[in-house]
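Accompanying notes for the structure given below.
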Amino acid sequence: MTLPKQVLQALAGIVGSQSIRVSRTALETYASDGLPTHHRRPGAVVLPDGRDQVVRIVEVLAHHGVPFVARGAGTGLSGGALAGPDAVVIVLTRLNRIIAIDPSNRHATVEPGVVNVHLSEAAAPHGLHYAPDPSSQTVCTIGGNVAENAGGPHCLKYGVTSNHILELEVVLPNGEVATLGSRGGEPWGPDLVGLFVGSEGMFGIATRITVRLTPIPRQIQTLLADFSSVRAAGEAVSSIIASGLLPSALEMLDRACVAAVEASIYAAGYPTDAEAVLLVDVDGRDAGAVQAEAHDVETILREHGARTVRMATEESQRARLWQGRKKAFGALGRISPDLIVQDAVVPRSALPDVLERIADIAATYRVKVSNVFHAGDGNLHPNINFDRRNRDEFRRVEAASAAIMSACIDAGGSITGEHGVGIDKLRYMPLMFDGDTLAAMRATRRAFDPEELSNPGKVVPVHACREWSAARSLRRAEVVA
Amino acid sequence: MSSSDGSIERRLRALVGPDGQMTTDDDGTPNVAPSTATGCALVLRTASAEGWRVRIVGNGSWIPPDAPAELTLSSRGLGQVEDVHAADLVATVQSGVDQHALREALADRGTWWPVDAPGDRRSVGSLVATATAGPLRSGFGNIRDHLLGLTIVTADGHILNYGGRVAKNVAGFDLTKLATGSFGAFGFISSVHLRLRPIPRADATLTTNDRRDALLGQGQAILDAGITPSALELLSPVAGSTDDWTLGVRLIGSDATVEAERAAVAAACTARWTSLSSRNAADFWRDVQQRATQHATTIRVGCVITGLRQAINLVLHHLDDATITASIGAGVVRWSGSASAARLQLLRRTAAQVEMPVTIERAPWPLRNELGHFGLCREGVNRLMGSLRHTFDPQSTLTVALAGRQ
């Protein structure tokens, strides 16, 4: 343990001795997130029960120059919520109150530890829900969703987290509290809400979040189409999007993923002899309109070679089909000791080519890759099953991951669509951004956090940043003087 | 203000070369319009080093080019629609592209950018830098929701590329959001990546006239029924050129969806609706866009949906009933008219007490300088805004009044 004793005493004085963890065993719980390839044990963990405790904790840490990392449910997939032995993890799961639901204004105010799906359940009696639905929505928290700008299958129609955050109360890294945005959604000054969402905990800690709520669609039809080639399925996706139809979700699973799902307790009845299946949701207020749009989608699917198209309108049928998709990562987790869930985005039209390239990469590096992803957004999730105890295999997995990222960037894509950079993708950032743009990102972070205490070492690879102008201009002024 | 001996003009001509466009503004300020981001960077780097103040302009049809500066940097030379990728619903356009030219270029490819900002012949850069959304924000969101990334040149000449051409992207901090709606305070936007939509299959407009509060009630009833129209816009008598207030509803989507929503709107409220022909609907919404520029000043007031009545009352009390529009689904009131800085400041202070931000969208420089586009923000936010401005414009090269003097 490298944290000063007086810091630990001060923290215990704020949260009470029952809400601070310092033993090696207890800290191990917080040494990983949902990505198994990174492991860092923090110096201490504190579990505040409200905003005021968060403020006092941050003030103490800022005073002593101790880095800190905010953490929600720990379901992140980029190592973003990991902290080293010189840092303190601030766990926000006890800040879990739904403060208000305002149906007339279609918004709700919550604390960051509220579980995503719990908010939708609470809003449901008003005919509303919180639309972003990451696969981990039954456990992940709204605060974590804000930090990562989380997505989900239905973001195709309804948008990602940043489209749904109206106002944020944040504790800045010096302990100061600021309110960004407004409950109506109009910025109060520059769009600092938009800047804060997705900043991966490096600008401060959100302690109160006002989110937009969306009417629950009254009618939903789910279509399952299967194809004899991934390319045909990918081309069907592009045609649906270009047609002017806007499904609420458009997901693809490849053969390997279907096999894993169908061999698990999450079996959804997907055809195991298909090379790819598409799962499509069409929703709206009116049954006739939804049926007409579903028919149009079916026509396009068949025109692109779908072998069969099944429609599910009953909730139980739909739930079964979606269970297979939402629990696919769990099903994949059964077939090897370790699983990497990768995340990248490519232009939709590049999907067929990139998927073929990923298959080539898997063959080259002799790794097991399966794909389950948000096809309508071009947001890929290549999953790699492996056993980290096999060092040779682990090296090949790492090399294959890097090759997949390069392939996506070459196709005009991005290294992450919803999982964030964290520490896992730091090394790829220079492939996407030049030194000036990276320096601008770091300088922006320093406007919020001059001492770089909040979640240090994530997102921006400092070594790749060029010198930034504000610092340069200061030195120039000194020379002139 | 221009350099009396013409030295700035000579330096600029050398920088932009024979292909660069140079003119002189009405106030004698040299106006330079490079045709590349690199050209813009050269100009800004030189200006920053020399201590010249720079004002950024688009077509000059929204905010007048009247800020005090040694030179004007215009997006006029950046007029290319670089790429429209219909299959991916993405376009990359330079910031000087005129909104009408953009609409035509996109329509040729079967695509559409769902932004109907007020003003006429505005450049894309102006729309993004000022984040002025129109009635469609009720259904499609604000400008920020239709951007995938942009290229910006900072005040001292760094060229920064944010975002990209993909539908989702969380690599790095979202500096596109910071640049959008910051009135150019963080740099000169040279190009943007747009998120497009296919041209709608069906597009219907319904209107009705009544007293203001009755129409606000009708709008709330539509929302309470779970309907989210693409536009749900309330117009004052002056804005609607009628004796009474007007409520305009725009429904966009597939044929079946639009017909179903038309029936749902009729069932949700008691109003007697007039269904406009395509041509009349186009005229109706164009008038809404253009009336905002008939006066010198335009402001917007943000509020929650149930606060719209109070927000309009505040505007009517402190200003006048010139041109008022309200996006009911988005909780935004827009006023266009003429008012003194003192009156606007009083409105802003009163509105702040009820948590309603007031943004000066356009006004003559003396008023912008006095009030600032945003004025003083909340505790904590002012410090952040100042730090961010210093980060991106350490020499205070860009004459943009975010906070104002009051």
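Taken in sequence, the protein lines are chains A and B. The letter at position 367 of the first sequence is residue 367 when you use my numbering, and the numbering goes up by one with no holes. The letter at position 313 of the second sequence is residue 1313 when you use my numbering, and the numbering goes up by one with no holes. Where a beta carbon is used, it is the ideal one built from N, C-alpha and C, also for glycine.
**OP:** Apply the 10 Å Cβ neighbour rule to P1018 of chain B and answer buried if 16 or more other Cβ atoms are within range, or exposed otherwise.
**Re:** Within the second sequence, numbered from 1, the residue matching residue 1018 of chain B stands at position 18. Around the beta carbon of P1018 of chain B, fewer than 16 other beta carbons lie within 10 angstroms, which makes this residue exposed.
Original post:
What is the rounded straight-line gap between the Cα of L1178 of chain B and the Cα of A1202 of chain B?
Top reply: Taking the second sequence and counting its residues from 1, one reaches residue 1178 of chain B at position 178. Taking the second sequence and counting its residues from 1, one reaches residue 1202 of chain B at position 202. Rounded to whole angstroms, L1178 of chain B to A1202 of chain B spans 34 Å at the Cα level.
**OP:** Just grab the DSSP bridge partners of Q221 of chain A for me.
**Re:** Taking the first residue of the first sequence as 1, we reach residue 221 of chain A at position 221. As a beta-bridge residue in DSSP terms, Q221 of chain A pairs with A:V282.
Original post:
Under 7 Å Cβ-Cβ, which residues of chain B neighbour W322 of chain A?
Top reply: In the first sequence, residue 322 of chain A corresponds to position 322, counting from 1. Near W322 of chain A there are no residues of chain B at all, since even the closest Cβ is about 20 Å away, more than 7 Å.
**OP:** Decide yes or no for the touch test of the stretch 32-39 of chain A against the stretch 47-64 of chain A: beta carbon pairs closer than 8 Å, at least 3 of them.
**Re:** By the Cβ test, the stretch 32-39 of chain A is not in contact with the stretch 47-64 of chain A, since fewer than three Cβ pairs between them sit closer than 8 Å.
**OP:** Look at P1034 of chain B and G1079 of chain B and say whether their C-beta atoms are less than 7 Å apart.
**Re:** Counting from 1 along the second sequence, the entry for residue 1034 of chain B is found at position 34. Counting from 1 along the second sequence, the entry for residue 1079 of chain B is found at position 79. Cβ atoms of P1034 of chain B and G1079 of chain B: not closer than 7 Å.
Subject >> Residue of A:Q9, A:S228, A:P67, A:V60 minimising C-alpha distance to S454 of chain A >> reply: In the first sequence, counting from the first residue as 1, residue 454 of chain A sits at position 454. The shortest Cα separation from S454 of chain A among A:Q9, A:S228, A:P67, A:V60 belongs to A:P67.
**OP:** Name, please, each residue of chain B whose Cβ falls closer than 8 Å to the Cβ of V459 of chain A.
**Re:** Here residue 459 of chain A refers to the residue found at position 459 when the first sequence is read from its first residue. Ordered by position in chain B, the residues that pass the 8 Å Cβ test against V459 of chain A are G1172, F1173.
Original post:
Under a three-way DSSP split, which group does A481 of chain A fall into?
Top reply: Counting from one through the first sequence, the residue named residue 481 of chain A turns up at place 481. Note that A481 of chain A has pLDDT 29, beneath the 50 cutoff, so the model's placement of it is unreliable and the number below is only indicative. Looking at A481 of chain A - three-state DSSP - the assignment turns out to be coil, as it is neither helix nor strand.
Original post:
So, is the C-beta of A481 of chain A closer than 7 Å to a C-beta in chain B?
Top reply: Looking up residue 481 of chain A in the first sequence gives position 481. Residue placement at A481 of chain A is poorly supported in this model, since its pLDDT is 29, which falls under 50; the coordinates still yield a value, given next. Output row for A481 of chain A: interface = no.
Original post:
Contact between the stretch 1366-1375 of chain B and the stretch 157-171 of chain A: three or more CB pairs below 8 Å?
Top reply: No: fewer than three Cβ pairs fall under 8 Å.
Subject >> Endpoints, the beta strand (DSSP E) within which E1355 of chain B is located >> reply: In the second sequence, the residue the question calls residue 1355 of chain B occupies position 355. Careful: E1355 of chain B lies outside any beta strand (DSSP E) and carries neither H nor E.
Original post:
Mind pulling the alpha helix (DSSP H) runs of 4 or more residues that sit fully within the stretch 226-305 of chain A?
Top reply: Fully enclosed alpha helix (DSSP H) runs of 4 or longer: 230-242, 255-262, 287-303.
Subject >> Straight-line Cα distance separating A464 of chain A from V183 of chain A >> reply: Residue 183 of chain A sits at position 183 when you count from the first residue of the first sequence. Residue 464 of chain A sits at position 464 when you count from the first residue of the first sequence. The sequence given here has Arg at residue 183 of chain A, not Val. A straight line joining the alpha-carbon of R183 of chain A with that of A464 of chain A spans about 38 Å.
Original post:
Using the beta-carbon of each residue, which ones in chain A are nearer than 7 Å to C1461 of chain B?
Top reply: There is no way to answer for residue 1461 of chain B, as the model of chain B reaches only from 1001 to 1406.
Subject >> Listed by chain order, chain B residues near E467 of chain A by CB distance under 9 Å >> reply: The residue labelled residue 467 of chain A in the question sits at position 467 within the first sequence. Correct list: empty, because the minimum Cβ distance to chain B is about 11 Å.
Original post:
Is the CB of L1160 of chain B under 7 Å away from at least one CB in chain A?
Top reply: Within the second sequence, the letter at position 160 stands for residue 1160 of chain B. So, interface residue.
**OP:** For chain B, find out if any of its Cβ atoms is closer than 7 Å to the Cβ of D353 of chain A; answer yes or no.
**Re:** Translated into positions along the first sequence, residue 353 of chain A becomes position 353. Not flagged as an interface residue toward chain B: D353 of chain A, since no C-beta distance is shorter than 7 Å.
Subject >> CB contact check: N383 of chain A to chain B, cutoff 7 Å >> reply: Here residue 383 of chain A is taken as the residue at index 383 of the first sequence, counted from 1. Closer than 7 Å to the CB of N383 of chain A there is not a single CB belonging to chain B.
Original post:
Can you give the beta carbon distance from D1098 of chain B to S1123 of chain B, rounded, assuming they're within the 8 Å contact cut?
Top reply: Numbered from its first residue, the second sequence carries residue 1098 of chain B at position 98. Numbered from its first residue, the second sequence carries residue 1123 of chain B at position 123. With 8 Å as the limit, D1098 of chain B and S1123 of chain B qualify as a contact, their Cβ atoms being about 6 Å apart.
**OP:** May I have a chain-ordered list of the alpha helix (DSSP H) segments no shorter than 4 residues that lie completely inside the stretch 1018-1067 of chain B?
**Re:** At a cut-off of 4 residues, the continuous stretches assigned as alpha helix (DSSP H) that sit fully inside the stretch 1018-1067 of chain B are 1037-1050.
**OP:** Would you kindly work out how many angstroms separate the C-alpha atoms of A44 of chain A and S32 of chain A, rounded to a whole number?
**Re:** By one-based count along the first sequence, residue 44 of chain A stands at place 44. By one-based count along the first sequence, residue 32 of chain A stands at place 32. Within the model, the alpha-carbon separation for A44 of chain A versus S32 of chain A is close to 14 Å.
**OP:** Provide the residue span of the alpha helix (DSSP H) that contains I1008 of chain B, from first to last.
**Re:** To locate residue 1008 of chain B, count along the second sequence from 1; it is residue 8. From DSSP, the alpha helix (DSSP H) with I1008 of chain B extends over 1007-1016.
Original post:
Helix, strand or coil: how does DSSP classify V462 of chain A here?
Top reply: On the first sequence, position 462 is the one that residue 462 of chain A refers to. Per DSSP, reduced to three states, the secondary structure at V462 of chain A is helical.
**OP:** Note down, in chain order, all residues in the stretch 108-125 of chain A with a beta-carbon under 9 Å from any beta-carbon belonging to chain B.
**Re:** Going along the stretch 108-125 of chain A in chain order, one finds no residue with a Cβ nearer than 9 Å to chain B.
Original post:
If you run the structure through DSSP and keep just helix, strand and coil, what is M429 of chain A?
Top reply: Indexing the first sequence from 1 puts residue 429 of chain A at position 429. In the structure shown, M429 of chain A falls within a helical segment according to DSSP collapsed to helix, strand and coil.
Subject >> Local conformation of L1150 of chain B per DSSP, three classes >> reply: Taking the first residue of the second sequence as position 1, residue 1150 of chain B is located at position 150. It is a strand residue.
**OP:** Give the single residue among A:A123, A:V88, A:G269 whose Cα lies nearest to the Cα of W322 of chain A.
**Re:** Here residue 322 of chain A corresponds to residue number 322 of the first sequence, with the count starting at 1. The shortest C-alpha separation from W322 of chain A is found at A:G269.
**OP:** Look at the Cβ atom of G417 of chain A, then the Cβ atom of S78 of chain A, and state whether they are nearer than 7 Å.
**Re:** The count along the first sequence starts at 1 and reaches residue 417 of chain A at position 417. The count along the first sequence starts at 1 and reaches residue 78 of chain A at position 78. Going by C-beta atoms, G417 of chain A is not nearer than 7 Å to S78 of chain A.
Subject >> 7 Å Cβ cutoff met for L92 of chain A and G72 of chain A >> reply: The residue labelled residue 92 of chain A in the question sits at position 92 within the first sequence. The residue labelled residue 72 of chain A in the question sits at position 72 within the first sequence. Yes, Cβ-Cβ distance for L92 of chain A and G72 of chain A is below 7 Å.
Original post:
Which ranges would you report for the beta strand (DSSP E) in the stretch 1116-1150 of chain B if only whole runs of at least 3 residues count?
Top reply: Those beta strand (DSSP E) runs which fall completely within the stretch 1116-1150 of chain B and span 3+ residues do not exist here.
**OP:** Note down, in chain order, every chain B residue with its Cβ under 8 Å from the Cβ of L195 of chain A.
**Re:** The count along the first sequence starts at 1 and reaches residue 195 of chain A at position 195. Neighbours of L195 of chain A on chain B, chain order: F1173, D1174, L1175, K1177, L1178.
Subject >> Residues bridged to R71 of chain A (per DSSP) >> reply: For the purposes of this step, residue 71 of chain A is taken as the residue at position 71 of the first sequence. Beta-bridge pairing links R71 of chain A to A:V91.
**OP:** Write down the C-beta distance between L332 of chain A and C257 of chain A rounded to the nearest angstrom, noting that I regard them as a contact closer than 8 Å.
**Re:** If you number the first sequence from 1, residue 332 of chain A lands on position 332. If you number the first sequence from 1, residue 257 of chain A lands on position 257. 7 Å between Cβ atoms; contact.
Original post:
In terms of DSSP beta bridges, what is N1209 of chain B paired with?
Top reply: Within the second sequence, residue 1209 of chain B is the residue found at index 209, counting from 1. According to DSSP, N1209 of chain B bridges with B:T1246.
**OP:** Go ahead and pull the three-state DSSP assignment for D1156 of chain B.
**Re:** For the purposes of this step, residue 1156 of chain B is taken as the residue at position 156 of the second sequence. In the structure shown, D1156 of chain B sits in coil (DSSP, three-state: anything other than H, G, I, E or B).
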